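Taken in sequence, the protein lines are chains C and Z.
Heads up: the first sequence at position 157 corresponds to 172 in the working numbering, and the numbers run straight through without jumps.
Heads up: the second sequence at position 258 corresponds to 540 in the working numbering, and the numbers run straight through without jumps.
Glycine included, every Cβ here is placed at the ideal spot set by N, Cα and C.
Everything numeric in this text was worked out from a predicted model, so none of it was measured.
Below is one structure; the comments refer to it alone.
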Amino acid sequence: MTVTAALAVLAVLVYGPFRILQAGKYSSENWLDFIVFGLAQGSLYALIALGYTLVYGILRMINFAHGEVFMCGAFTGYFAAAALDGSGFMDRHPLVGLLAVTVVAASTSIGVAVLLERIAYRPLRRAPRLVPLITAIGASLFLQYTVSGLYGSGLETYPDVDVLKGDWQILGIGILKTQAVVIAAAVLIMLSLYAFVQHTRTGRAMRAVSEDKDTAALMGIDVDGIIVRTFVLGGALAGVAGVLHALIYKQVVFNMGFQPGLKAFTAAVLGGIGNVPGAMLGGLFLGVVESIGPGLFLEGLGIPAAYQLKDAIAFTLLVLVLIFRPTGILGERVSEKRA
Amino acid sequence: MTPRGGGWARLAGHARAGAIAGGLIVFLGLVGVLETFGKRSIVEDVVGLPEVLGLTIVFALARRACSPAAAGRDVVGGALAGLVAAVVVGGFVAVGPTFALGGVEIRLRDMFIRASPQLYAILDAFLWHLPLAGLLAGAVAFVPPALRRPAGAGLAAVVLVGLLSDHVKLVLDHNAVPAAWTRRLISGKALTPGGATLVWLVVALARGAWVARGGAVRAALAARPPAERAWLGRAAVALCALGVIALPRVLGAYHSEVLNQVGLFVLMGLGLNIVVGFAGMLDLGYVAFFALGAYTMAVLTSPESFLAPSPDAGLMGFWAALPICLVVVVLAGIVLGVPVLRLRGDYLAIVTLGFGEIIRLLAMSDWLKPFLGGAQGLKSIPPIKAPMVGLGETCARLGVDLPLCIYRVAIAGPDKPQKLFYIILGGCAIAAFVAVRLKGSRLGRAWMALREDEDVAQAMGIDLVRTKLMAFAIGAAFSGLSGTIFGPKLVSIFPHSFGLLISINILALVIVGGMGSIAGVIVGALALVGLPELLREFAEYRLWVYGIVLVGMMLYRPEGLVPSTVARRELHADDAEGVRPAAEPGPAR
Numbered sequence: 016m017t018v019t020a021a022l023a024v025l026a027v028l029v030y031g032p033f034r035i036l037q038a039g040k041y042s043s044e045n046w047l048d049f050i051v052f053g054l055a056q057g058s059l060y061a062l063i064a065l066g067y068t069l070v071y072g073i074l075r076m077i078n079f080a081h082g083e084v085f086m087c088g089a090f091t092g093y094f095a096a097a098a099l100d101g102s103g104f105m106d107r108h109p110l111v112g113l114l115a116v117t118v119v120a121a122s123t124s125i126g127v128a129v130l131l132e133r134i135a136y137r138p139l140r141r142a143p144r145l146v147p148l149i150t151a152i153g154a155s156l157f158l159q160y161t162v163s164g165l166y167g168s169g170l171e172t173y174p175d176v177d178v179l180k181g182d183w184q185i186l187g188i189g190i191l192k193t194q195a196v197v198i199a200a201a202v203l204i205m206l207s208l209y210a211f212v213q214h215t216r217t218g219r220a221m222r223a224v225s226e227d228k229d230t231a232a233l234m235g236i237d238v239d240g241i242i243v244r245t246f247v248l249g250g251a252l253a254g255v256a257g258v259l260h261a262l263i264y265k266q267v268v269f270n271m272g273f274q275p276g277l278k279a280f281t282a283a284v285l286g287g288i289g290n291v292p293g294a295m296l297g298g299l300f301l302g303v304v305e306s307i308g309p310g311l312f313l314e315g316l317g318i319p320a321a322y323q324l325k326d327a328i329a330f331t332l333l334v335l336v337l338i339f340r341p342t343g344i345l346g347e348r349v350s351e352k353r354a
Numbered sequence: 283m284t285p286r287g288g289g290w291a292r293l294a295g296h297a298r299a300g301a302i303a304g305g306l307i308v309f310l311g312l313v314g315v316l317e318t319f320g321k322r323s324i325v326e327d328v329v330g331l332p333e334v335l336g337l338t339i340v341f342a343l344a345r346r347a348c349s350p351a352a353a354g355r356d357v358v359g360g361a362l363a364g365l366v367a368a369v370v371v372g373g374f375v376a377v378g379p380t381f382a383l384g385g386v387e388i389r390l391r392d393m394f395i396r397a398s399p400q401l402y403a404i405l406d407a408f409l410w411h412l413p414l415a416g417l418l419a420g421a422v423a424f425v426p427p428a429l430r431r432p433a434g435a436g437l438a439a440v441v442l443v444g445l446l447s448d449h450v451k452l453v454l455d456h457n458a459v460p461a462a463w464t465r466r467l468i469s470g471k472a473l474t475p476g477g478a479t480l481v482w483l484v485v486a487l488a489r490g491a492w493v494a495r496g497g498a499v500r501a502a503l504a505a506r507p508p509a510e511r512a513w514l515g516r517a518a519v520a521l522c523a524l525g526v527i528a529l530p531r532v533l534g535a536y537h538s539e540v541l542n543q544v545g546l547f548v549l550m551g552l553g554l555n556i557v558v559g560f561a562g563m564l565d566l567g568y569v570a571f572f573a574l575g576a577y578t579m580a581v582l583t584s585p586e587s588f589l590a591p592s593p594d595a596g597l598m599g600f601w602a603a604l605p606i607c608l609v610v611v612v613l614a615g616i617v618l619g620v621p622v623l624r625l626r627g628d629y630l631a632i633v634t635l636g637f638g639e640i641i642r643l644l645a646m647s648d649w650l651k652p653f654l655g656g657a658q659g660l661k662s663i664p665p666i667k668a669p670m671v672g673l674g675e676t677c678a679r680l681g682v683d684l685p686l687c688i689y690r691v692a693i694a695g696p697d698k699p700q701k702l703f704y705i706i707l708g709g710c711a712i713a714a715f716v717a718v719r720l721k722g723s724r725l726g727r728a729w730m731a732l733r734e735d736e737d738v739a740q741a742m743g744i745d746l747v748r749t750k751l752m753a754f755a756i757g758a759a760f761s762g763l764s765g766t767i768f769g770p771k772l773v774s775i776f777p778h779s780f781g782l783l784i785s786i787n788i789l790a791l792v793i794v795g796g797m798g799s800i801a802g803v804i805v806g807a808l809a810l811v812g813l814p815e816l817l818r819e820f821a822e823y824r825l826w827v828y829g830i831v832l833v834g835m836m837l838y839r840p841e842g843l844v845p846s847t848v849a850r851r852e853l854h855a856d857d858a859e860g861v862r863p864a865a866e867p868g869p870a871r
């Protein structure tokens, strides 16, 4: 039964691309553009997904409000950027300015993440599993509408950074500077995070806590402290992702965190939840599939306005992965029974 | 709480509580809650909603800080807390909307759009009442509970009635209460001082009587023979049912419409309660079945659908389409249920969420536009015609008049929302009956075993596949039924009406009411759907309040407002083992 279903899915997946490639609607440059855009989008997903995966690995809970942590960072980043732009600092020292904006955004996100943990999650650590998930949904709503109340519910536009206008020629391919910066920054951050988790004392402690909290405590690890540090790490990544997101899309709004949050969770599941390299790979993979998917898989089937179904592709991918390989691409690092 | 320390440590605790209260009030101001609430007063020319909110916050936090003292009697501490709160709020007001920091002029309003002159005026108005609230919090413990509780209940009732006073007025007008009387109680959108006193007296006296004599009444009831008690119980149920049936007549069209909305959510809540409350499977895409029910009904009955034989008539009527819709929805429940059978807990939640989004995106896409209308939705869904009206007239001609007369007046009457109410009520009654009967059945017990531990349940011989699919199918049927009524109620449906927020809304009402509790679903729907519907002017903060309610319920009362027996017992058993000390129920709450 499963095999038949898998074959049917596979047939559809092959037929669409065959038709569209045969028709030759898009040139190879189009495809490359799709892929680069997908990689940029995917690296944002990956950065947010890391926050999900780190927290899930340790607490076995979906931090549903993580998308809002990302949004809060992007939003305060906007105020910093607007202030720096207004005083002319951004034009004189664009790199320092961008860095300052990133620091402001990351600190806000860290603050929100830590407060979340302290107020909403810590008292419920031993509660049944549904309880913290529902709390997280509540916290997500609260954060969204708090920001909407404080700063207004309209779109705010980030100032343009002149250095990042235009594109670079890399290996003969024109790449938008913003996209290149986003991809490079994300890859750099992810590599350092991987090194951090693998090689530092804190990273080792984090892995130990995610393996078994009680034993880790017996080994002299301050479990509460490690959990807080995990939230700090996730928050910082989300804050950086917030600024990078703003570089590409230019705009922030109070409910901007929801969709990327959901996608990032999808990415974390795709890669195998609790698995750090998995979240990175899952994010990039999801970004690319989402970007080329509508053109490659759907238009060949004769579906009009296929880009409307971009999100549907992401969720279908999630459902398919969970049905055929519930542990994700790289395998999850979490066992259900220990949770 | 920290153990009782020295005098200074205690005072520091009070000061902290006051500072937190003051900070909260400023926060509420910046979020815009105070300004929005400032449009309403509770008692005309005496007290407004922002002031009630501010005083309540200070009172509650000061009282909590006072609780370590002997029975909470701590006038000095309470006053200190109130004073600190006033200083914090006063400091914010004194600094003002524009100030200089390190030579740079900072305009608060550039960032916080709600830091308006109105906000400062509102805060300034009740600033100096805050120490009084603190003082009262410390002093109130001197009053014996037999007096304190009725007085508190009376105040709560005044606030509630004051908030809803425009609706109370509407209902009074609908029932032909002389306008002169109404004017004495309610003026504009607030109670008059006289009206407030009346409400306070009635509720306080009732509560006082219950505090004094309630125990005796209960004991007397318990002493009756069981047969008589059962009879009394049935009489009470019948009385309630009569009251509910009379509701639309009493409330009028507008409030019946609100009740209808509540009823649709009760219906969905009862379904989700089976999936989440009984079987323990968290479904975040529950709105999918609601959408499916609504769309199937629209496609089958709307003259604009692709199935319609002619441009002025749909394929069939509501009652003919209903069974088809239910079959479609139940099948969908099973089809969507099969792939997720293996998933547990959080994964299930996310996959169902994904399903819900996919369904919405498909309904919105240009691809399915010829069938489902895309973003413009489907229009001209005919209203539900009460069944057998023709039959009723025939019978009337034959002379069997009386019961049919009642039927026609009550159900087939001319007012549309009132009429629809009975159809929704019927649906809810059937759903509630099914849920109650299932709960104790073999299937219901299998669900609960599944909820507690899947592996053990399987080892005990429970067919996991069948049990899970039954939960999905029955839950889907209730939600779909709700959807089929939703379309004709609104005449047209749009994909935007079926977003994730609906799923979260239903989940929230099930949680707030109490998972697994059927009465809880009704209470939850009234509180989370009915109340916001009546307080539309605060709609901006509806979801904000939802967030607070969800987090607060999980932290302080995870079993819900009307907990099911099992949940209550479970959580108390946990307390005894010391696993969940945070949820310890006590008189302090």
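ILE152 of chain C in three-state terms, based on DSSP = helix
PHE309 of chain Z (DSSP reduced to helix, strand or coil) = helix
Contact list for ALA61 of chain C against chain Z, beta-carbon separation under 9 Å = Residues of chain Z passing the Cβ test: none, with the nearest at roughly 18 Å.
CB of ALA223 of chain C within 7 Å of CB of SER155 of chain C, strictly = no
How is the alpha helix (DSSP H) around VAL380 of chain Z delimited, first residue to last?
-> Contrary to the premise, residue 380 of chain Z reads as Thr rather than Val in this sequence. Segment 380-383 is the beta strand (DSSP E) holding THR380 of chain Z; no alpha helix (DSSP H) there.
Would SER306 of chain C pass as a contact of ALA201 of chain C if the rule is Cβ separation under 7 Å?
-> no
Within its chain, find whatever has a CB closer than 6 Å to the CB of ALA220 of chain C; leave out the 5 residues flanking it on each side and keep chain order.
-> ILE236, ILE241
For a contact meaning CB atoms closer than 7 Å, what does ASP326 of chain C contact in chain Z?
-> GLU639, LEU643
Pull up the distance between the alpha-carbon of SER764 of chain Z and that of VAL718 of chain Z, whole angstroms please.
-> 18 Å
Selection of the segment 312-324 of chain Z by Cβ proximity to chain C, strictly under 8 Å | LEU312, VAL313, GLY314, VAL315
Could you tell me whether the Cβ atoms of ILE556 of chain Z and ILE786 of chain Z are closer together than 7 Å?
-> no
Indicate whether at least one CB of chain C lies closer than 7 Å to the CB of SER785 of chain Z.
-> no
Buried or exposed: which applies to GLN274 of chain C, given that a residue is buried once 16 or more other Cβ atoms fall within 10 Å of its Cβ?
-> exposed
Inter-residue spacing [alpha-carbon to alpha-carbon] between ILE632 of chain Z and GLY343 of chain C | 14 Å
Please work out which residues of its chain come closer than 7 Å, Cβ to Cβ, to LEU589 of chain Z, disregarding the five sequence neighbours upstream and downstream, and give them in chain order.
-> VAL581, LEU582, LEU597
What is the residue span of the alpha helix (DSSP H) that LEU746 of chain Z lies within?
-> 746-772
What does ARG396 of chain Z reach in chain C if we use C-beta pairs closer than 8 Å?
-> GLY164, LEU165
Proximity test, Cβ basis, 7 Å: TYR136 of chain C and chain Z = no
Min CB distance GLN274 of chain C to chain Z below 7 Å = no
According to the neighbour-count rule (16 or more other Cβ atoms, all chains shown, within 10 Å of its Cβ), is LYS180 of chain C buried or exposed?
-> exposed
Just checking my contact of PHE780 of chain Z with ALA573 of chain Z at CB under 8 Å: how many whole Å lie between their CB atoms?
-> 4 Å
DSSP state of GLY444 of chain Z mapped onto helix, strand, coil | helix
Can a CB atom of chain Z be found closer than 7 Å to the CB of PHE94 of chain C?
-> yes
C-beta atoms of LEU54 of chain C and ILE188 of chain C nearer than 7 Å = no
Mind checking who ALA528 of chain Z pairs with in its DSSP beta bridge?
-> Per DSSP, none; premise fails for ALA528 of chain Z.
Specify whether the segment 171-186 of chain C and the segment 327-341 of chain Z touch according to this definition: at least 3 beta carbon pairs, one from each stretch, less than 8 Å apart.
-> no
Which whole-angstrom value is the C-beta distance of PHE85 of chain C and ALA253 of chain C, which I expect to be below 8 Å?
-> 4 Å
Please report the residue range of the beta strand (DSSP E) in which GLN323 of chain C lies.
-> Premise fails: GLN323 of chain C is in no beta strand (DSSP E) and is neither H nor E.
When you compare each of Z:LEU483, Z:PHE547, Z:VAL450 to LYS471 of chain Z by their alpha carbons, which one comes out closest?
-> Z:VAL450
THR172 of chain C, DSSP secondary structure in three states = strand
Would you list, in chain order, the members of the segment 815-843 of chain Z that have their beta-carbon closer than 9 Å to a beta-carbon of chain D?
-> Considering every chain present, this structure includes no chain D. Its protein chains are C and Z.
Flag this pair as touching only if the segment 639-648 of chain Z and the segment 799-818 of chain Z have three or more C-beta atom pairs under 8 Å; answer yes or no.
-> no
Could you check what DSSP says for ARG322 of chain Z in three-state terms: helix, strand or coil?
-> coil
ARG516 of chain Z (DSSP reduced to helix, strand or coil) = helix
Could you tell me whether the Cβ atoms of LEU810 of chain Z and LEU791 of chain Z are closer together than 7 Å?
-> yes
Could you tell me which residues DSSP puts in a beta bridge with GLU387 of chain Z?
-> Z:ALA382
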